[in-house]
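**Q**
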Amino acid sequence: MPHVTRIEGPKAGNPIYQVGGKSFVFFRTPRPDAFDPDTGERYADVIVIWVESEEDKLALTQDPDSPFFTTPHFDGHPSVLVRESRLDEVGVDELRELIQDAWLSRASKRRAQQWLSQAE
């Protein structure tokens with residue numbers, strides 16, 4: 119996808135992918151809201167992916183067996199979380215579509231329209 123910039127997070131150097139200065143995917147540092155319920159250990163492999171709408175977020179997170187989840191910290195935020203260690207549960211086509219939709223949700227309308235017209 120065009121106009122993607124990869125920067126490093128200010129604290130831990132975690133990868134952040136942006137379009138037009140807006141993040142659409144980033145690897146999160148361990149935080150107290152995403153943790154193993156059995157051990158209490160913070161997940162060190164959480165990826166945040168923007169989604170287009172709350173409906174899209176709910177569609178991905180409602181099934182308790184889904185690798186996608188959210189936390190109260192992300193209430194009202196148009197994104198889902200997924201652990202890198204569970205990405206093998208997501209098909210390549212589904213992941214590609216999710217990342218493309220994340221990019222489209224953050225790109226300017228002009229860039230999005232231009233990229234979509236070239237992809238046809």
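When the letters of the sequence shown are read in order and numbered with this note's numbering, they come out as residues 119 to 238. All C-beta atoms, glycine included, are put in the ideal place defined by N, C-alpha and C.
Checking contacts by CB at 8 Å: is Val169 closer than that to chain C?
**A** In the structure shown, chain C cannot be found, because there is only a single protein chain.
**Q** With H, G and I counted as helix, E and B as strand and the rest as coil, what does DSSP make of Glu126?
**A** strand
**Q** Decide yes or no for the touch test of the segment 170 to 182 against the segment 131 to 145: beta carbon pairs closer than 8 Å, at least 3 of them.
**A** no
**Q** Assuming Leu234 is part of the alpha helix (DSSP H), what are its boundary residues?
**A** 227 to 237 is the extent of the alpha helix (DSSP H) around Leu234.
**Q** Which residue from Arg201, Tyr135, Ala230 puts its Cα closest to that of Arg160?
**A** Arg201
**Q** Express the C-alpha separation of Gly138 and His191 in angstroms, rounding to a whole number.
**A** 25 Å
**Q** In the DSSP assignment, find the beta strand (DSSP E) that holds Ser141 and state where it starts and stops.
**A** In this chain, the beta strand (DSSP E) harbouring Ser141 covers 140 to 145.
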